[in-house]
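K.L.:
Sharing a structure with you now.
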């Protein structure tokens, strides 16, 4: 920090910096989409760890550290035979628990050839992974099963974001950026006041009711509403885990056309997984409580959502790049506004989890 | 440094390395061309700091640290309304002094939301910036006003050079490289002896007179001289500031054609601004004391100058890249020649300024 | 290393890491192909040092540190006149011993302007360089002269591999990877048992005899053998220096067609030179003891070899990249197999040489 330049002396330090290793290990993170896991192994960076993922013949998912203990070749370059993954370099074979079961060049199988294997759970559209202490597993992955429920119409997407996961996590829990960053896409420009935020156990929550106003055009088609029709909205957000949060748009049409419903729900879902340093896997979903939406409507909505989320990605990546190149780095104090209630609660949840893992907060 | 290899044990250490933070803060640097500053904000890295620049309705220029104090979004991605710049992320508004004047999500405007703002001055074709202690401002920016004087014909250019600013600064004050690096472009191959160098107050100066010889073809067209006509030259260099230096080519034609002047001046101007680590903004100008030169002559001259300066950029960037990748880095001693008088004086001026700012010299 | 994840606690540390400065200086390394050295100077990174190489009028090779001691310009950007290399920046001239013999801007030639020069030897197709203590030169470069012997038919290639040289060196001395990594190219899938390995003085050796089996299709054409004909093989490897190793395929055809030889030799040659950190120059050669092989056969064989070696390059580069990005870096223990005899001996030779140079092993 330059002595000469008058940087603010008060404010808040980022409790865990965007340039740091700032993710809990003892929790479920999304490793991949279920559909991505086949008998063809893939490599994913998760919590700064290269992980090889593949599907067993019995349908289960295996996940292990993507480095052979012999000469460090990535197993993801190898192939799967039945339950086993075979190293591409010298053909060593490992079972899904990471135990070497065959070293082709010798009779003895070396007992020390053991790869760290990770616990996985498949639920709905996702494969979840627990990278920390297995004995600390105390819960199931968060429930996002509605995404495969036939009562809903669903669309989704994935971004590899070149920004720390906390930037993404706070972004999706802070909706007052919508009228600014997304003024020309979401166009939900009444969202300029802070929502009420609270904790429900360990779940960060926000709630906010809006009076009659046209709904964001992103969601009109999915609900069959004209873009200029005033409706009431109750916005409800919940983050049951640092890995996933939901953003519910409860819409009430006070004057529905004959034969039409008055109430609709669009449930957004935001899933983040730390990848390499300063990179994040970001999975999003958007579902309408309307079965069998027309494919054209879904595609139109999906495209509009992507157009808006591209704006987030662009901004967050510039932020990350700028902070990384700036010698001041994380030493510039943050000022927090009343509207940051949900974001601050995210940080509190994060700090609590890091402290529970004996990690020091910077 | 390898013990085995016989690297020279005598010589000179670079007083402030090319890989280091080696720029004074308490001085005027060029932030941008005047023409670049409009109501559309732009971001520039200056002294390793991201700076947002924009023009107010009253024509003045605003410059501030390009990170919102709230959640660090770059203001340069936002927009300007009147005097104010509006953060792209949550719409916070700042006046040109960096003071937050509106936080749209709340009634109270947070007093701590203050962005460092920088002093600027516009003069001639440039906007200058003072990034250090405002109380230390003790001078106006260097005078380069002839560049907008109708008595002169002017051309200019800009390079983003991937080399430390000192490499560029020394390059433009050391003209004995012209017959070697620019043997096929400048072709001013009589410039092989060291000029006289001296200090005029804090201004580094050199002077050198040359006997009859053809003038560099780069400048013949601008002065209306045939390329093979022998002329006398007095080369005068002045560096009134580390940010800017002039290179005057005073040409005397002892046998002018009837009705033609005997004396001409080409004034070169070299402006450098440290950007990111190991990068430099380099602005150059070349002006003839001939009004209303033909556009074709100007364009031809400009292209020839660029061809020559491309040679400098190429060499300096290779030097920087090689030094950066070499484990010996800056630990290879320099041998100084008699012709380095101006360059050594540059380093003395630099060290004096850094010491005045309490910076340690490595 | 994460406390939580159950990484193996036993195993072997890499004695000299793939991310470190782990090359001896007191030995001959290949600087370039002879054909690459002309009167046009070139720059090569060798042992993390930029080296300029050029050929003198008398045919000898000069090699020196590629930084002018004056202002650090790379001499490789300059030009050669007779024996001398001329700096591109200010025209300083140096003899092949690195001594400045002319500084054009002054009468006195500065005695301190001395560039480290390196000893070179040309032998066969290669120019060798000794970058360490010249007084320690105690041998000639390894003999690879058969590559220019008219009794042999020869093909060769070069790779710039983005992996530490030890990864490449171990790869070419460990042939049990052939049936796995090269299952679809070499197709020499009987090579699944460990060879006998031993030291012959300082030379790492392996030997292995194989019973009747079809020969790798890569080498059938060169020996004029049908791809399905069973032959006997004696595989002999020798590494006389960390810089070079040979892989001899002694093939015995027990039932040659009338008028044909029974015995053939394909001699592979693997030369590595550390380049920049984590990069390696890799030169390979393959020669058949058959004079005047048809150009079509040579080209077909060369292409097949490249296809196979591309598989090594791909895997080694992924390994290096993954290790570099993984915070665990080199802290993941290796398990060694019986088949690693030659590779382990390589490490022993390496450690002995590093210790002789007073380098600490990590």
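Residue numbers (our numbering), protein chains in the order written: chain Y, 9 to 370; chain S, 9 to 370; chain R, 9 to 370.
Backbone N, C-alpha and C define an ideal beta-carbon position, used for all residues, glycine too.
Give me the chain S residues within the contact set of residue 96 of chain R, using Cβ-Cβ distance strictly less than 8 Å, ordered along the chain.
P.N.:
Chain S residues near residue 96 of chain R: 188, 189, 323.
K.L.:
In chain R, which residues lie less than 7 Å from residue 346 of chain S when you measure between Cβ atoms?
P.N.:
113, 114
K.L.:
What are the start and end residues of the alpha helix (DSSP H) that includes residue 360 of chain R?
P.N.:
Annotation: the continuous alpha helix (DSSP H) that includes residue 360 of chain R extends over 349-364.
K.L.:
Under 8 Å between C-beta atoms, does residue 78 of chain R make it to chain S?
P.N.:
yes
K.L.:
Would you identify the three-state DSSP class for residue 318 of chain S, choosing helix, strand or coil?
P.N.:
helix
K.L.:
Extract the residue ranges of the alpha helix (DSSP H) inside the segment 190-263 of chain Y, only unbroken runs of 4 or more that lie entirely within it.
P.N.:
225-231
K.L.:
Give the range of the alpha helix (DSSP H) segment to which residue 298 of chain Y is assigned.
P.N.:
Where residue 298 of chain Y is concerned, there is no enclosing alpha helix (DSSP H), given that its DSSP letter is neither H nor E.
K.L.:
Which runs of the beta strand (DSSP E) fall wholly inside the segment 72-128 of chain Y and span at least 3 residues, in chain order?
P.N.:
87-89, 92-94, 108-110
K.L.:
I think residue 97 of chain S touches residue 79 of chain S, with their Cβ atoms under 8 Å apart; what is that distance to the nearest whole Å?
P.N.:
Between residue 79 of chain S and residue 97 of chain S the Cβ distance is about 6 Å, and since that is below 8 Å, they are a contact.
K.L.:
Would you identify the three-state DSSP class for residue 165 of chain S, choosing helix, strand or coil?
P.N.:
strand
K.L.:
Less than 8 Å between the CB atoms is what I'm expecting for residue 77 of chain S and residue 122 of chain S, so what's the real figure, rounded?
P.N.:
7 Å
K.L.:
DSSP three-state label for residue 31 of chain S, please.
P.N.:
coil
K.L.:
Kindly indicate which residue of R:73, R:198, R:149 has the alpha-carbon position closest to the one of residue 105 of chain R.
P.N.:
R:73
K.L.:
Going by other Cβ atoms of all chains shown within 10 Å of its Cβ, with 16 needed for buried, is residue 147 of chain R buried or exposed?
P.N.:
Residue 147 of chain R is exposed by the Cβ-count criterion.
K.L.:
My assumption, with CB atoms under 8 Å, is that residue 299 of chain R sits in contact with residue 159 of chain R. Please give the rounded CB distance.
P.N.:
5 Å
K.L.:
Suppose you measure from the CA of residue 258 of chain R to the CA of residue 132 of chain Y; what does that come to, to the nearest Å?
P.N.:
When the Cα atoms are used, residue 258 of chain R and residue 132 of chain Y turn out to be separated by approximately 58 Å.
K.L.:
How is the beta strand (DSSP E) around residue 275 of chain R delimited, first residue to last?
P.N.:
271-282
K.L.:
If the criterion is Cβ atoms closer than 8 Å, does the pair residue 204 of chain S and residue 242 of chain S meet it?
P.N.:
Taking 8 Å as the Cβ cut-off, residue 204 of chain S and residue 242 of chain S do not qualify as a contacting pair.
K.L.:
Run through DSSP, which three-state label would residue 42 of chain Y get?
P.N.:
helix
K.L.:
Is residue 117 of chain R near residue 315 of chain R, with beta carbons less than 8 Å apart?
P.N.:
no
K.L.:
Should residue 322 of chain S be labelled buried (16 or more other beta-carbon atoms within 10 Å of its own) or exposed?
P.N.:
exposed
K.L.:
If we define contact as Cβ-Cβ less than 8 Å, is residue 99 of chain Y a contact residue for chain R?
P.N.:
yes
K.L.:
Would you kindly work out how many angstroms separate the C-alpha atoms of residue 260 of chain S and residue 308 of chain S, rounded to a whole number?
P.N.:
22 Å
K.L.:
Are the CB atoms of residue 288 of chain S and residue 144 of chain S within a distance shorter than 8 Å?
P.N.:
no
K.L.:
Rounded to whole angstroms, what's the CA-CA distance from residue 130 of chain Y to residue 157 of chain Y? Just pull it up for me.
P.N.:
15 Å
K.L.:
Rounded to the nearest angstrom, what separates residue 30 of chain Y and residue 50 of chain Y at their Cα positions?
P.N.:
25 Å
K.L.:
Report all residues from its chain with a CB closer than 7 Å to the CB of residue 190 of chain S; omit the five preceding and five following residues, and keep chain order.
P.N.:
316, 319
K.L.:
Return helix, strand or coil for residue 47 of chain S, following the three-state DSSP convention.
P.N.:
coil
K.L.:
Starting from residue 138 of chain R, follow the beta strand (DSSP E) in both directions and report where the run begins and ends.
P.N.:
134-138
K.L.:
If you follow the alpha helix (DSSP H) that residue 176 of chain Y is part of, which residue opens it and which one closes it?
P.N.:
Where residue 176 of chain Y is concerned, the enclosing alpha helix (DSSP H) stretches over 173-181.
K.L.:
Hey, does residue 340 of chain R have any beta-carbon neighbour from chain Y nearer than 8 Å?
P.N.:
yes
K.L.:
In this structure, does DSSP put residue 344 of chain Y in helix, strand or coil?
P.N.:
If DSSP states are grouped into helix, strand and coil, residue 344 of chain Y belongs with coil.
K.L.:
With distances taken Cα to Cα, identify the nearest neighbour of residue 256 of chain Y among Y:262, Y:296, Y:113.
P.N.:
With respect to the C-alpha of residue 256 of chain Y, the residue from Y:262, Y:296, Y:113 having the closest C-alpha is Y:296.
K.L.:
Can you confirm whether residue 120 of chain Y, when its beta carbon is compared against all beta carbons of chain R, has any partner nearer than 8 Å?
P.N.:
It does; some Cβ of chain R falls within 8 Å.
K.L.:
Chain R beta carbons: is any one of them nearer than 8 Å to that of residue 263 of chain Y?
P.N.:
no
K.L.:
Taking the C-alpha atoms as reference points, what is the distance between residue 229 of chain Y and residue 179 of chain Y?
P.N.:
Rounded to whole angstroms, the gap between the alpha carbons of residue 229 of chain Y and residue 179 of chain Y is 25 Å.
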